[in-house]
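To keep things clear, I will list the structure first and then write my remarks on it.
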Amino acid sequence: MNPSNTLSAKGLPIRNEASPAQGTMLFARIVRISMMVLIVALMVLPFLWMLSTSLKAQQYILQTPPQLIPNPLTFESYTGLAERIDLGRTFFNSLFVAVMGTLGQIVISSMSAYAFARLEWPGRNSVFVLYLMTMMIPAVVLVIPQFILVRTLGWMNTYSALIVPGLFSAFGTFLLRQSFLTLPKDFEEAALVDGANHLTIFWRIIMPLSLPALATLGVFSFMGYWNNYLYPLFVARQADVVTLPIALATLQAGPRALTEWNMVMAGSVITVLPILVAYLLAQRWFVSGAISSGIKG
Amino acid sequence: MSWNSGIHRWKWVAVFLLPGLIGLSLFILYPIISSFWLAFQDWNLLSAPEFVGLSNFQELMGDADFWQALGYTLTFIMLYVPAVFVLGLALALFLNQKVRGMLIVRAASFLPVVASWVVVSLIWKWIFNPSYGLVNFALGTLGVQGPAWLFEPQTAVYAMVITSIWKDVGYIALLYLGGLQNISESYYEAARIDGANRWRCLLHITLPLLTPTMFFVAITLLINYFQMFEQVWLMPMRDSAADRQVEVIVTEVVKNAFSYNRMGYASAMSWVLFVLIFAITFVQLRLQKRWVYYESE
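Protein chains in written order, with our numbering: chain L, 1 to 297; chain S, 1001 to 1297.
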């Protein structure tokens, strides 16, 4: 047993199961647990502060020292918010756009991915490289021409403008193709011999075997649509189609008028709560969805 | 027979690929081409576009606002990228310990990642409020007079960098965690038999084998932060010095396109951004040979 094992070169305590140095281990454990608490606090407290602010009346948010727990607790910022923007409609817009966009993207991407992964045709690789190349184009390059296209098509302030262009991002095709390629070909060869056509193979074999990849794409796509700001900001501003992030950002007052922070935070709660709850329920898919967004870059 | 099977083959390619390919051509490829074409036009959306050759790019070279925006973009990158690169790695190494409760810490670190940038910007704008915000209250209890944060350009940059780190550190840690879990346990066992302590394991096994992940993280960070938008668009206090001065490339593109209706000029600027991102990715791919260690080599 080497005593130098319990301390590193810099004198930092290190965990070492082989060493019975109880005091050092206890100290390391206390440090670790404090760090764990600190990290959770840093990550969660801003969200709790948002919630707390949203439950205060205007005069209580402008208090020093700040009131950490709302007293009296009031929902007046939420009712006030409902007078400023059509909450039900805006929430519905966000949900509708995100759900339709996600479903559409899954259908389009999985079908294209099937053509790239499971069908043999001349030029397949060249067309796939073309798909990959579009993924390198930054979003801001697309915003201006897509805005002009939406305008030409007469789609300004429509759900189509919010949903349709996003359906065709090559990323979904890329992600699902990678997943489809890993599936063994035995089943479908047997099925082809039995006279099944490609639609049957796609729907009955490939799709059920690819549920994890589909869930990853679904969560990635839903988060993208729900949180999107740059593109919808310029194609959908009218109240009947506006989504939550856009409506929320307009709540900030101008230079002289005081921003009603309790109302802004109430809007933030409504915007962020569904996605946080969904995340806590389906963490695994959020993690894989978010990681794959890095590949998109 | 072969003619018949050729038709048959193309029929299935058409069924699976065409919906996606037509959409991609109309909503992604056509916008990319038209944006490139626009970069050589002068167009205010009202009159007909006029071909102006390279003059948009020439104007860019002498545009003080553009250079200032590029300067701020680089400032953000220099402050944010090294910080989140290191903090993300530290967090990943911490989260990688197999102890009870760590899954909760991991889940908490990821909460800001799934929240929308709009919500995160607004929460931190409120936290950085000079009079009623938590940051200046905390500084006040330490006897420090907090700065005006989002009113002044320099402090606004710091506030936005801190916000960005909070939002992204969990995501970066997760990318590292993926790399950490790919490192085979057998290396550590061999090292332990040779009497290496944890510090040496970190230095001689973990970090070298993590360089491919680090490389991927570095590219992702740079690509994303050349395109930063929401925090800079939303966080500075309206009409303050920070609001007037702090611009990044994407906010400059958006302002030219949608406030000044200079579609051609804004498109030219967005293509300059693309070339910058492309060049940096290329240089990094070159440089990686110097420091990235692949196990197979």
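Note that the Cβ used here is the ideal one computed from N, Cα and C, for glycine as well.
In the three-state reduction of the DSSP assignment, D1065(S) falls in the helix class, which pools H, G and I. Look at E1152(S) here: in three-state DSSP terms it is coil, with no helix or strand label. The beta carbon of I85(L) is closer than 6 angstroms to those of A247 in its chain, skipping five residues each way along the sequence.
For the pair of segments examined, the stretch 169 to 180 of chain L was found to touch the stretch 106 to 125 of chain L: the number of CB pairs separated by less than 8 angstroms reaches three. Under the three-state reduction of DSSP output, E120(L) falls in the coil class, being neither helix nor strand. The criterion of a C-beta distance shorter than 8 angstroms is not satisfied by L1203(S) and I1183(S). Only those residues of the stretch 1105 to 1117 of chain S whose C-beta falls short of 8 angstroms from the nearest C-beta of chain L are listed: V1105, A1107, A1108, S1109, F1110, L1111, P1112, V1113, V1114, A1115, S1116 and W1117. Around the beta carbon of S126(L), a 10 Å sphere encloses fewer than 16 other beta carbons of the protein chains shown; the residue is thus reported as exposed.
Within chain S, the C-beta atoms nearer than 7 angstroms to that of S268(L) come from V1119, L1122 and I1123, in chain order. Around the CB of E120(L), fewer than 16 other CB atoms lie within 10 Å, so the residue is classed as exposed. Using a CB distance below 8 angstroms, the part of the stretch 1166 to 1198 of chain S facing chain L consists of W1166, G1170, Y1171, L1174, L1175, G1178, G1195, N1197 and R1198, ordered along the chain.
At a cut-off of 8 angstroms between beta carbons, Q178(L) makes no contact with chain S.
Residues of chain L with a Cβ closer than 7 angstroms to the Cβ of I1277(S) are, in chain order, P138.
Burial is judged here by how many other beta carbons sit within 10 angstroms of a residue's own beta carbon; D186(L) has fewer than 16 and is exposed. I85(L): not part of any alpha helix (DSSP H); DSSP gives it neither H nor E. In the DSSP assignment, N262(L) falls within the unbroken alpha helix (DSSP H) covering W261 to L281.
Pairing E1230(S) with D1065(S) gives a Cβ-Cβ distance that is not under 8 angstroms.
I291(L) and Q59(L) have their C-alpha atoms some 42 angstroms from each other. Secondary structure at E1247(S): coil, using DSSP grouped into helix, strand and coil.
Looking at the DSSP output, D1042(S) sits in a beta bridge with E1050(S). Using beta-carbon distances, W261(L) counts as an interface residue toward chain S, with a partner under 8 angstroms. In the three-state DSSP reduction, L62(L) falls in the coil class, being neither helix nor strand. Looking only at I148(L), L209(L) and L42(L), the smallest Cα-Cα distance to M1263(S) is reached by I148(L).
Against chain S, the CB of M207(L) has no partner CB under 8 angstroms away; the residue lies outside that interface. Cβ contact annotation for V1253(S) (same chain, cutoff 6 angstroms, sequence separation greater than five): A1266, M1269 and S1270, in chain order.
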